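Structure, as structure tokens:
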Amino acid sequence: MATSSFDNSSLCSGGGDKAVVLWDVASGQVVRKFRGHAGKVNTVQFNEEATVILSGSIDSSIRCWDCRSRRHDPVQKLEEARDGISSVKVSDHEVLAGSVDGRVRRYDLRMGQLFSDYVGSPITCTCFSRDGQCTLVSSLDSKLRLLDKDTGELLGE
Numbered sequence: 001m002a003t004s005s006f007d008n009s010s011l012c013s014g015g016g017d018k019a020v021v022l023w024d025v026a027s028g029q030v031v032r033k034f035r036g037h038a039g040k041v042n043t044v045q046f047n048e049e050a051t052v053i054l055s056g057s058i059d060s061s062i063r064c065w066d067c068r069s070r071r072h073d074p075v076q077k078l079e080e081a082r083d084g085i086s087s088v089k090v091s092d093h094e095v096l097a098g099s100v101d102g103r104v105r106r107y108d109l110r111m112g113q114l115f116s117d118y119v120g121s122p123i124t125c126t127c128f129s130r131d132g133q134c135t136l137v138s139s140l141d142s143k144l145r146l147l148d149k150d151t152g153e154l155l156g157e
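Laid out in structure tokens, this is it:
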């Protein structure tokens with residue numbers, strides 16, 4: 001799994017070696033390796049400024065890594081899922097995560113709050129709408145669901 005920063009200057013990748021790797025696109029060189037997951041890394045995502053990488057793993061955790069620091073441990077761990085993390089997205093101060101346990105979790109990092117909606121089927125992908133009011137969720141039952149971000153109300157399927 002890999003993704004690029006918004007300015008395309010960096011890439012981050014994750015995989016079966018349980019590591020998250022930060023790459024410099026111009027040189028093609030590895031900048032840093034972050035280790036700490038107990039299982040395969042399924043998903044990686046930069047924040048908008050490319051200063052933080054979020055990684056989700058089959059170990060049921062999300063880890064937040066500071067790209068600017070020399071720390072080797074994550075700056076934050078989110079460990080509420082009961083099964084592997086399949087999707088992570090970040091928007092401003094919110095993290096949206098999908099899990100094999102069938103739940104979509106939204107973390108408001110500024111307020112320290114967790115919101116969780118049960119979809120009923122393992123989640124394959126999540127994303128925020130452009131206006132930030134909704135979340136779109138795909139799952140293994142081959143359904144796409146549009147949910148109100150704040151209430152979890154199903155708006156469309």
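Note that the sequence shown covers residues 1 to 157 in the UniProt record's numbering. Built from N, CA and C at the ideal position, the CB exists for glycine as well. Given the structure is predicted, the values throughout are model-derived calculations rather than measurements.
Going by the DSSP bridge assignment, what does residue i pair with across the sheet?
i, result
"Gly98", "Ser87 and Val104"
"Leu78", "Ile62"
"Ser4", "Leu11"
State the start and end residues of the unbroken beta strand (DSSP E) segment that holds residue i.
i, result
"Ser55", "Val52 to Ser57"
"Ser139", "Cys134 to Ser139"
"Thr124", "Ile123 to Phe128"
Is the separation between the beta-carbon of residue i and that of residue j shorter than 8 angstroms?
i, j, result
"Met1", "Ser13", "yes"
"Asp117", "Glu94", "no"
"Ser61", "His37", "yes"
"Gly135", "Ser87", "According to the sequence provided, residue 135 is Thr. The question's Gly does not apply to it. No, they are not a contact pair."
"Val20", "Phe34", "yes"
"Arg105", "Ala97", "yes"
Please report the straight-line C-alpha distance between residue i and residue j, rounded to a whole angstrom.
i, j, result
"Lys40", "Lys18", "5 angstroms"
"Gly84", "Asp73", "20 angstroms"
"Asp150", "Ser27", "42 angstroms"
"Val44", "Thr3", "7 angstroms"
"Val119", "Asn42", "20 angstroms"
"Arg51", "Asp59", "The question names Arg, but residue 51 is Thr in the sequence shown. Their Cα atoms are separated by approximately 24 angstroms."
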